[in-house]
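Chemist:
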Ligand code: ADP
Ligand code: MG
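In our numbering, the protein residues as written are 103 to 771.
1. DSSP puts residue 422 in a beta bridge; with which residues?
2. Look up residue 580 in the DSSP assignment and say whether it is helix, strand or coil.
3. Under a three-way DSSP split, which group does residue 505 fall into?
4. Output yes or no for whether 8 Å exceeds the beta carbon distance between residue 115 and residue 108.
5. My guess is that residue 545 and residue 487 are in contact by the Cβ rule of under 8 Å, so how many angstroms apart are they, rounded?
6. Terminal residues of the continuous beta strand (DSSP E) containing residue 301?
7. Buried or exposed: where does residue 242 fall if 16 or more other Cβ atoms within 10 Å of its Cβ makes it buried?
8. Here's the rule: buried if 16 or more other CB atoms are within 10 angstroms of the residue's CB, otherwise exposed. What is residue 323?
9. Let's see if you can read the secondary structure: which residues bound the alpha helix (DSSP H) around residue 146?
10. Give me the Cβ distance between residue 726 and residue 768, rounded to the nearest whole Å; I'm assuming they're in contact under 8 Å.
11. Might you give, ordered along the chain, the residues of its own chain that have their beta carbon closer than 8 Å to the beta carbon of residue 257, omitting 5 neighbours on each side?
12. Regarding residue 487 and the ligand MG, is the C-beta to nearest heavy atom distance less than 7 Å?
13. Within the same chain, show all residues whose beta-carbon is closer than 8 Å to that of residue 454, passing over the 5 residues directly before and after it, in chain order.
14. Could you tell me if the beta carbon of residue 572 falls within a distance shorter than 7 Å of some heavy atom in the ligand ADP?
15. Is it the case that the Cβ atoms of residue 485 and residue 526 are separated by a distance below 8 Å?
16. Measuring from the CB of residue 559, is there a heavy atom of the ligand ADP at a distance below 7 Å?
17. Bridge partners of residue 262, per DSSP?
18. Rounded to whole angstroms, what is the Cα-Cα separation between residue 607 and residue 183?
19. Measure from the alpha carbon of residue 593 to the alpha carbon of each residue in 715, 400, 270 and 434, then state which is nearest.
20. Measuring straight from C-alpha to C-alpha, what distance separates residue 161 and residue 204?
21. With a threshold of 7 Å, establish whether the CB of residue 384 neighbours any heavy atom of the ligand ADP.
22. Please list the terminal residues of the continuous alpha helix (DSSP H) segment that includes residue 469.
23. Residue 621: beta carbon under 7 Å from a heavy atom of the ligand SAH?
24. Please confirm if the region 673–682 is in contact with the region 552–560, defined as three or more CB-CB distances below 8 Å between the two stretches.
25. Is it a yes or a no for the region 507–523 touching the region 647–667, going by three-plus beta-carbon pairs under 8 Å?
26. Which residue comes first and which comes last in the alpha helix (DSSP H) that contains residue 172?
27. Does at least one heavy atom of the ligand ADP sit under 7 Å from the Cβ of residue 576?
28. Go to residue 541, then tell me how far its alpha helix (DSSP H) extends in each direction, as first and last residue.
29. Closest to residue 370 by C-alpha separation, out of 743, 655, 766 and 457, would be which residue?
30. Can you say whether residue 189 is buried or exposed, counting buried as having 16 or more other CB atoms within 10 angstroms of its CB?
31. Please report the distance separating the alpha-carbon of residue 511 from that of residue 469.
32. Between residue 484 and the ligand MG, is there a pair consisting of the residue's CB and a ligand heavy atom that are separated by less than 7 Å?
33. Taking Cβ positions, are residue 418 and residue 299 nearer each other than 8 Å?
34. Taking all protein chains shown into account, decide if residue 416 is buried (16 or more other Cβ within 10 angstroms of its Cβ) or exposed.
35. Quick check on residue 455: does DSSP put it in helix, strand or coil?
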């Protein structure tokens with residue numbers, strides 16, 4: 103039987119992929135360059151002998167061993183045979199116990215990767231009594247040790263020493279994969295499975311990678327505190343692994359769907375229809391929905407000749423009172439986006455939003471957070487102000503460079519996080535106050551706030567007209583959801599439309615469009631190059647944002663050209679956004695500083711900023727600050743000396759500070 107088997111395999115290897123260049127030839131070439139694995143396309147085996155293929159799937163260990171043996175006999179080198187392209191591909195959640203011991207194809211996203219460790223395959227023990235060396239093959243998870251010494255003249259029960267230098271080790275790595283978010287229906291919790299990689303396939307994938315695995319489903323018996331249980335934990339012994347395209351590239355669009363998409367793109371009202379297809383159950387918020395629509399399409403990422411990369415993804419922040427439908431909107435978007443993830447600021451795993459090094463019982467692992475898992479898609483981050491402290495640092499890099507670097511506990515890696523971020527934040531003091539600056543009201547550093555292309559405050563202020571309309575809308579939705587909540591474009595089609603657009607449209611600015619944007623930028627800069635301190639109305643960040651948004655708008659029409667109209671429409675949107683968040687309370691003029699640095703140029707706030715500096719210095723250094731140092735620190739923030747002097751007088755009088763020695767100041771408590 104085995105004889106026939108190895109003969110059958112041998113002729114398979116000779117005949118496929120073709121007789122001129124067969125697997126045999128390949129195996130010889132691989133062994134000549136010291137390679138360790140021969141990859142066989144399983145389709146070929148099916149074509150060659152259907153029964154042999156089916157048997158290989160049901161009894162992979164035996165069949166693969168025979169294959170590897172016949173290769174060894176010819177090439178004289180041990181080689182792994184790895185099967186790619188198994189006929190059936192399962193999702194992690196579909197793996198069941200009837201597949202135990204079988205070879206199966208699984209697709210998923212890598213969430214966790216352990217360090218690479220040496221694992222013992224063949225342990226050589228030495229009997230301390232007689233010096234006999236004993237080989238013990240290690241196939242399981244628990245180390246097998248000899249019971250008694252096999253030397254007939256000894257036969258005692260050790261003790262035995264492990265001879266490390268004579269034993270055989272191989273590289274070993276454990277990874278965790280779960281179902282890709284875009285393959286799960288909204289709200290479904292992804293299941294995961296662990297997979298073991300050995301030898302030459304370790305260290306080939308990173309957290310966040312989409313992978314295809316051929317593996318054998320195996321089990322480990324679970325242990326209670328004192329006894330072993332009757333339940334088992336399953337894992338995959340990986341035979342073959344490959345990284346797949348990320349994001350949404352491999353979504354299939356049929357020719358009929360393509361026809362519908364192209365037809366839709368010619369609709370003169372397409373931009374509006376897309377906007378109205380976002381969260382139709384939510385009343386109002388046209389600008390927000392429009393921003394989100396733009397975000398779903400995104401601009402074009404550009405790789406500059408010097409290697410720097412400019413992101414194409416747009417980031418949008420919603421700030422507002424409780425109960426204004428922020429969470430509802432985010433959840434809706436995560437459901438319709440081609441690759442959308444909904445997460446809270448804390449993240450859904452220990453890795454939070456970015457990534458983390460996790461301590462497991464047997465070492466360290468690197469785990470991907472939400473932004474890495476959403477790579478190539480959109481991450482909807484609710485209550486972003488509640489994110490972990492570790493994320494506060496790492497998310498800066500994620501939002502501009504779109505990578506996450508981690509170096510901890512010996513694990514060093516850079517993960518991709520090319521994702522658009524739609525975030526929501528609650529105001530620190532419960533309610534959003536339009537008279538205060540955004541950065542004063544949310545618990546996020548200004549450096550992070552400035553990485554959002556558009557920021558929308560959402561207020562819940564009583565307004566009789568709006569209230570009535572909203573109430574009408576909400577009650578109607580409840581009365582007749584089928585009619586009221588039907589989006590102009592079916593969500594399934596919209597998703598395909600977005601995928602199609604991202605794949606096929608790569609818009610560039612037309613001359614007219616770039617002139618409009620330029621003109622707006624220069625005008626805004628000039629308007630405020632002014633008086634006291636010189637506040638900056640708009641920065642290069644907003645300029646880049648405008649370009650991205652304009653490109654996204656062109657993409658909505660599947661166009662490769664950004665028109666003057668695209669430019670004008672996004673300028674209108676940006677102006678509206680600036681008007682709502684950036685109006686300096688005193689000057690009523692645009693002041694981007696107010697949003698980004700949290701330092702509006704009103705006198706009152708600059709005075710109180712001086713007090714903060716004095717307090718900050720004291721809590722950091724534990725001593726009073728000299729007038730000279732105070733002036734220097736204030737100058738860095740654009741506060742002139744005259745104002746510092748005035749502040750000192752004000753706060754000495756009010757008793758907030760005192761002067762322990764001349765020209766030195768301290769807070770009173
Ligand atoms: P938030 O996250 O902003 O605190 P939620 O998303 O939890 O608010 O919304 C609270 C509830 O109010 C939801 O059921 C939501 O549908 C409803 N709601 C709030 N504003 C609107 C609106 N403009 N249109 C329809 N429903 C709304
Ligand atoms: Mg909420």
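Think of the CB as a built atom: it goes at the ideal place given N, C-alpha and C, for glycine as much as any other residue.
Modeler: The structure says:
1. 560
2. helix
3. strand
4. no
5. 4 Å
6. Residue 301 -> no beta strand (DSSP E), and no H or E assigned at all.
7. exposed
8. exposed
9. 144–150
10. 4 Å
11. 250 and 251
12. no
13. 448, 471, 472, 489, 490, 492 and 493
14. yes
15. yes
16. no
17. 229
18. 41 Å
19. 434
20. 6 Å
21. yes
22. From DSSP, residue 469 is part of no alpha helix (DSSP H) but of the beta strand (DSSP E) over 465–470.
23. Looking for the ligand SAH in the displayed structure turns up nothing; the ligands present are the ligand ADP and the ligand MG.
24. yes
25. no
26. 162–177
27. yes
28. 540–543
29. 655
30. exposed
31. 13 Å
32. yes
33. no
34. buried
35. coil
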